[in-house]
Amino acid sequence: MSLDTRINYITFLLIGIIFLLVGNALDELSIIRDINAFSTGTGDDLKLWYDFLRPFIGDSGNGLPPPWE
Amino acid sequence: MAVAGSNPERSVFQDWMTAITRRRIRSIRLITQLIMFVLVNGVIIGLSRVPFPAPISFPAGSPFGTVWGGLDAIQFILTRGQFPFLVFGLFFLTGATVGKLFCGWACPVGLWQDLLAIFPLKKTKISKPDNKAFQDISGFILWFVVGWSAWIGFQRIDRGNLEENFFTSIPYGFIDPAGTLFITLWYAFTWKILPGENSFDAIDSMGTMFLWKMGALLVIMFISMKVPRAYCRWVCPTGALLGYMSKNSILTVKRDPLKCTDGCKACEDACPMGVPITDEDPDGIANSLCINCGNCIDACPEAMSFGFRL
């Protein structure tokens, strides 16, 4: 096995650990929680859900209608 | 060894057991894929949502989803003007340790692709150079999506809040079959987008985006029936990102060339990703397509095995 292989995966492991720590310090998961209404425990905020899911479902003029229509 | 269904005196159960024994890893993998499918869509069985990205092709915010797909998390955080350190870190660690194992054993889209490959349609043989060339599409999509998301993020910082539309939160959602399967179709049925009294009413109720996404899904489905795991090979940007690390991952598949017979390509024939296994380093496959599925080991357990590059 070549030394390059070991250097490669050790580098990615180190960068991965550093990135995880930095991401954790920046509280990146809060961005995910903020947009996920169910996760934040704010209940069925359909407007928030709908805005978030629009890339997948389109809007009333160009895809599926909002859930309250 | 008897082939399933070849001996009329054998019971169906015996034939099945023979097939499962011959395809030991594939059977274990299928069970694992089904369990992961249920866990990833675990809200159906009452599991809680965990707002954490996973290195699989899965949409963020799926109605039944317990986790976020990693690529969607990357796009969403980038479009908010922040660099997704945590998600990239997760991808780097996963890719460097187990390679694309999640693609083969956990990804719900991977399971869907495996099931499509069973469809009895004449398979198209893709040459090794073509397979390699088409693979570049996924890398292009990945970096286009990342670049676009980053640009949106800069715009958001520069101008303040941007309008939310198809392209300013998760641009890849535009064609993502995972999003279509696990969000679009689900909402299409639960919101009764197809309520028409006849089929023409139903078609009238569909918007351009819905038709576009369904068209993309059908094209991907058809190609995946002709070429096993075509989406995973050539299009999936999640797999492309993992592929950069998986070439030198610790977990790998090894081949004992002393036990190989000249001209035998059983391992390559069994590979759903079209990896040119016999051209690879026997000490460990260094190909970004390999998903560590183990089909090659089932095909030739004498020469092939899982191993570690330590």
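The listed protein sequences derive, respectively, from chains A and B. Each residue of the first sequence is one higher than the last, beginning at 185 in this note's numbering. Each residue of the second sequence is one higher than the last, beginning at -18 in this note's numbering. We put the CB at the ideal spot given by N, CA and C, even for glycine.
The Cβ atoms of B:Asp264 and B:Lys228 lie no closer than 8 Å to each other. At a cut-off of 8 Å between beta-carbon atoms, B:Arg137 makes no contact with chain A.
With a contact defined as Cβ atoms closer than 8 Å, B:Thr47 and B:Val31 qualify at about 6 Å. Between B:Gly85 and B:Gly91, the C-beta gap is smaller than 8 Å, which places the two residues in contact. Assigned with DSSP and collapsed to three states, B:Pro32 falls in coil, not helix or strand. At least one C-beta of chain A is nearer than 8 Å to the C-beta of B:Phe73.
When the beta-carbon positions are compared, B:Arg61 and B:Gly134 come within less than 8 Å of each other.
The beta-carbon separation of B:Ile272 and B:Lys81, rounded to 4 Å, stays under the 8 Å limit for a contact. In this structure, B:Lys194 lies away from B:Thr219, with their beta-carbon atoms at least 8 Å apart.
Annotation for B:Thr233: the continuous beta strand (DSSP E) segment containing it runs Leu232 to Arg236.
About 4 Å separates the beta carbon of B:Ala87 from that of B:Met17, a gap short enough to meet the 8 Å contact definition.
In the three-state scheme derived from DSSP, where H, G and I count as helix and E and B as strand, B:Ser227 is classed as helix. Using a C-beta cut-off of 8 Å, the stretch 55 to 72 of chain B makes no contact with the stretch 96 to 106 of chain B, since fewer than three inter-stretch Cβ pairs fall below that distance.
Chain order gives the chain B residues near A:Leu204 as Phe66, Leu67, Gly70, Leu71 and Leu74, where near means a beta carbon separation below 8 Å. If you draw a straight line from the Cα of B:Leu239 to the Cα of B:Ser205, it comes to about 35 Å.
For the stretch 206 to 230 of chain B, the set of positions with a beta-carbon nearer than 9 Å to some beta-carbon of chain A reads Tyr225, Met226, Lys228, Asn229 and Ser230 in chain order. Residues of chain A with a Cβ closer than 9 Å to the Cβ of B:Ala54 are, in chain order, Glu212, Ile215 and Ile216. Residues of the same chain with a CB within less than 6 Å of the CB of B:Gly224, apart from the 5 flanking positions on each side, are Ser269 in chain order.
A distance below 7 Å between beta-carbons, with the five flanking residues on each side excluded, links B:Lys207 to the following residues of its chain, in chain order: Leu102, Lys104 and Thr105. For B:Phe33 and B:Leu74, the gap between their C-alpha atoms comes out near 15 Å.
At a beta-carbon threshold of 9 Å, none of the residues of chain A lie near B:Ala197; the nearest stands roughly 12 Å away.
The straight-line gap separating the alpha-carbon atoms of B:Phe64 and B:Cys281 is approximately 44 Å.
Partner residues in the beta bridge of B:Trp49, as assigned by DSSP, are B:Pro34. Listed along the chain, the chain B residues whose CB falls inside 8 Å of the CB of A:Leu197 are Phe73, Leu74, Ala77 and Thr78. Taking 8 Å as the Cβ-Cβ cut-off, the stretch 34 to 50 of chain B approaches chain A at Pro34, Pro40, Ala41, Gly42 and Trp49, given in chain order. In this structure, B:Cys245 lies away from B:Asn276, with their beta-carbon atoms at least 8 Å apart.
With a 10 Å radius around the Cβ and a threshold of 16 neighbouring Cβ atoms, B:Arg140 comes out exposed. Annotated three-state conformation of B:Met285 is strand, per DSSP.
Take B:Asp157, set aside five residues on each side of it, and the residues of its chain with a beta-carbon closer than 7 Å to its own are Pro40, in chain order. Interface flag for B:Ile25 against chain A is unset, since no Cβ pair is found closer than 8 Å.
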